[in-house]
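Enquirer: The opening residue of the sequence shown carries number -17 in the working numbering; numbering runs sequentially from there.
All residues carry an ideal CB built from backbone N, CA and C; glycine is no exception.
Since we're looking at a predicted model, the values are computed, not measured.
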Amino acid sequence: MQYYQKICLSIFAFSMLVGTSSNANAQSKGFPAFSPDVETVESDKKTVSQPKTSGFPTFSTTDQAKPSQRSGFPVAKSNQQLNRAVKHLDFQQLGALLSKMSLDPEHFQRRYDVLYIAKIEEQEMELSLSVLLEKGDALVRVQAWLDPLPAGNISALPLLEMLSQNAEMNRGLRFAYSKQTGRFLLEKTIPNQNVTPELLTSVFQDVSSHVAANWGTWSTSQWDQVPQPTTQKPVAPTEVITRDRFEMPLRR
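#1: Counting only beta-carbon separations shorter than 9 Å, does serine 110 have a partner in chain C?
#2: Measuring straight from C-alpha to C-alpha, what distance separates arginine 156 and threonine 199?
#3: Touch check for the region 96 to 108 and the region 147 to 165: three-plus C-beta pairs under 8 Å?
#4: Mapping DSSP to helix, strand and coil, what is lysine 101?
#5: Along the beta strand (DSSP E) that carries alanine 126, what are the first and last residues, could you check?
#6: Quick one: using the 10 Å Cβ neighbour count with 16 as the cut-off for buried, is lysine 101 buried or exposed?
#7: Residue range of the beta strand (DSSP E) that serine 81 falls in?
#8: What number of angstroms, rounded off, separates the C-alpha of glycine 77 from the C-alpha of proline 87?
#9: So which of Asn176, Gln75 and Pro130 has the shortest CA-CA distance to alanine 67?
#10: Mapping the DSSP letters down to three states, classify valine 96 as helix, strand or coil.
#11: Just the Cα atoms here: how many angstroms apart are isoleucine 172 and alanine 138?
#12: Exposed or buried, what is proline 132 when buried is set at 16 or more other beta-carbons lying within 10 Å of its beta-carbon?
#13: For leucine 109, does the three-state DSSP call read helix, strand or coil?
#14: So is glutamate 169 buried or exposed if we call it buried at 16+ other beta carbons inside 10 Å?
#15: Just verifying my parser: in three-state terms, what is the DSSP assignment at leucine 115?
#16: Can you name, in chain order, every residue of its own chain whose Cβ lies under 6 Å from the Cβ of valine 113, other than the five neighbours on each side?
#17: Since methionine 83 contacts proline 179 with CB under 8 Å, what's their CB separation in whole angstroms?
#18: If we ignore side chains and look at the alpha-carbon of each, how far apart do threonine 213 and glutamate 150 end up?
#19: If we ignore side chains and look at the alpha-carbon of each, how far apart do arginine 92 and leucine 71 end up?
#20: Check proline 173 in the structure and name its three-state DSSP category.
Take a look at the structure:
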């Protein structure tokens, strides 16, 4: 009986020895061993377990809010930023700008009247100009005052010539007529955006050059007048009719 017990104990001990050696062989062959999903961080006071990181790059909400910085594309400016970049003149600023151009602006209602001397082809031309803001201060209008409308009946040909010149002149330039003053004028409009003394001087010079180039068109002294009917009361030679406060362009 004792013999059989010794045999059984020997078999049990052998089986335990075989199991231990097989586990050792599995670990030595590099099989993955089980580990928890947390890693242990040792500190001076205690051991703290933290979740393991996967190693993939993380994406933060801050980067998501700025896609243009990540992609490198330019950021479009808002309408408010563009409006701040463009400068618009008000009426007082327009008068200060004319004074800065060494002119003497005279305030009359909602416009400024100035006397401008332009140099054209080695000659000087003196013009009465008016500068005003229109369309809710969105436009700057420059007007050169020309001859008054002649009394009596006039030929339609000079008026048609003015209309044809409007189609041929540069954009923004045109002949016009003022009912209030009874005078013809040549005017030009520009946007009220970033207007500088240099820009306004170039507009004055452009208007002056077209006044000189079209002298025969607007000079009413060269128009052929239609004979007046005998029933119309003639105007006495001594009668003076003052139409307005402007002078006609003069060549020197």
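Expert: Quick answer:
#1: Absent from the structure is chain C; it holds one protein chain and no more.
#2: For the purposes of this step, residue 156 is identified with residue 174 of the sequence shown, where counting begins at 1. For the purposes of this step, residue 199 is identified with residue 217 of the sequence shown, where counting begins at 1. Roughly 12 Å separates the two Cα atoms.
#3: Fewer than three Cβ pairs drawn from the region 96 to 108 and the region 147 to 165 lie within less than 8 Å of each other, which leaves the two stretches out of contact.
#4: For the purposes of this step, residue 101 is identified with residue 119 of the sequence shown, where counting begins at 1. Residue state, collapsed to three classes: strand.
#5: Mapped onto the sequence shown, residue 126 falls at position 144. That run of the beta strand (DSSP E) goes 121 to 130.
#6: In the sequence shown, counting from the first residue as 1, residue 101 sits at position 119. With fewer than 16 other Cβ atoms within 10 Å, it is exposed.
#7: Your numbering for residue 81 matches position 99 in the sequence shown. First-last for serine 81: 73 to 82, but that is the alpha helix (DSSP H), not the beta strand (DSSP E).
#8: Residue 77 sits at position 95 when you count from the first residue of the sequence shown. Residue 87 sits at position 105 when you count from the first residue of the sequence shown. Rounded to whole angstroms, glycine 77 to proline 87 spans 7 Å at the Cα level.
#9: Counting from one through the sequence shown, the residue named residue 67 turns up at place 85. That would be Asn176, whose Cα lies nearest to the Cα of alanine 67.
#10: Numbered from its first residue, the sequence shown carries residue 96 at position 114. Here DSSP, grouped into helix, strand and coil, assigns valine 96 to strand.
#11: For the purposes of this step, residue 172 is identified with residue 190 of the sequence shown, where counting begins at 1. For the purposes of this step, residue 138 is identified with residue 156 of the sequence shown, where counting begins at 1. When the Cα atoms are used, isoleucine 172 and alanine 138 turn out to be separated by approximately 30 Å.
#12: Here residue 132 refers to the residue found at position 150 of the sequence shown. Proline 132 counts as exposed, since fewer than 16 other C-beta atoms from the protein chains shown sit within 10 angstroms of its C-beta.
#13: By one-based count along the sequence shown, residue 109 stands at place 127. Assigned with DSSP and collapsed to three states, leucine 109 falls in strand.
#14: Position 187 of the sequence shown, counted from the start, is the residue given in the question as residue 169. Buried, by the Cβ-count rule.
#15: As a first step, residue 115 must be located in the sequence shown, where it is residue number 133. In the structure shown, the three-state DSSP call for leucine 115 is strand.
#16: Here residue 113 refers to the residue found at position 131 when the sequence shown is read from its first residue. Once the five neighbours on either side are set aside, the close Cβ partners of valine 113 are Tyr94 and Val124.
#17: One-based indexing of the sequence shown puts residue 83 at position 101. One-based indexing of the sequence shown puts residue 179 at position 197. In this structure methionine 83 touches proline 179 by the C-beta definition: roughly 5 Å separates them, less than 8 Å.
#18: Position 231 of the sequence shown, counting from 1, holds the residue named residue 213. Position 168 of the sequence shown, counting from 1, holds the residue named residue 150. Its pLDDT being 44, under 50, threonine 213 is placed unreliably in this model, and the value from its coordinates should be taken loosely. Spanning the two alpha carbons is a distance of roughly 40 Å.
#19: Taking the first residue of the sequence shown as 1, we reach residue 92 at position 110. Taking the first residue of the sequence shown as 1, we reach residue 71 at position 89. Going by C-alpha positions, arginine 92 is about 14 Å away from leucine 71.
#20: Here the question's residue 173 lines up with position 191 in the sequence shown. In the three-state scheme derived from DSSP, where H, G and I count as helix and E and B as strand, proline 173 is classed as strand.
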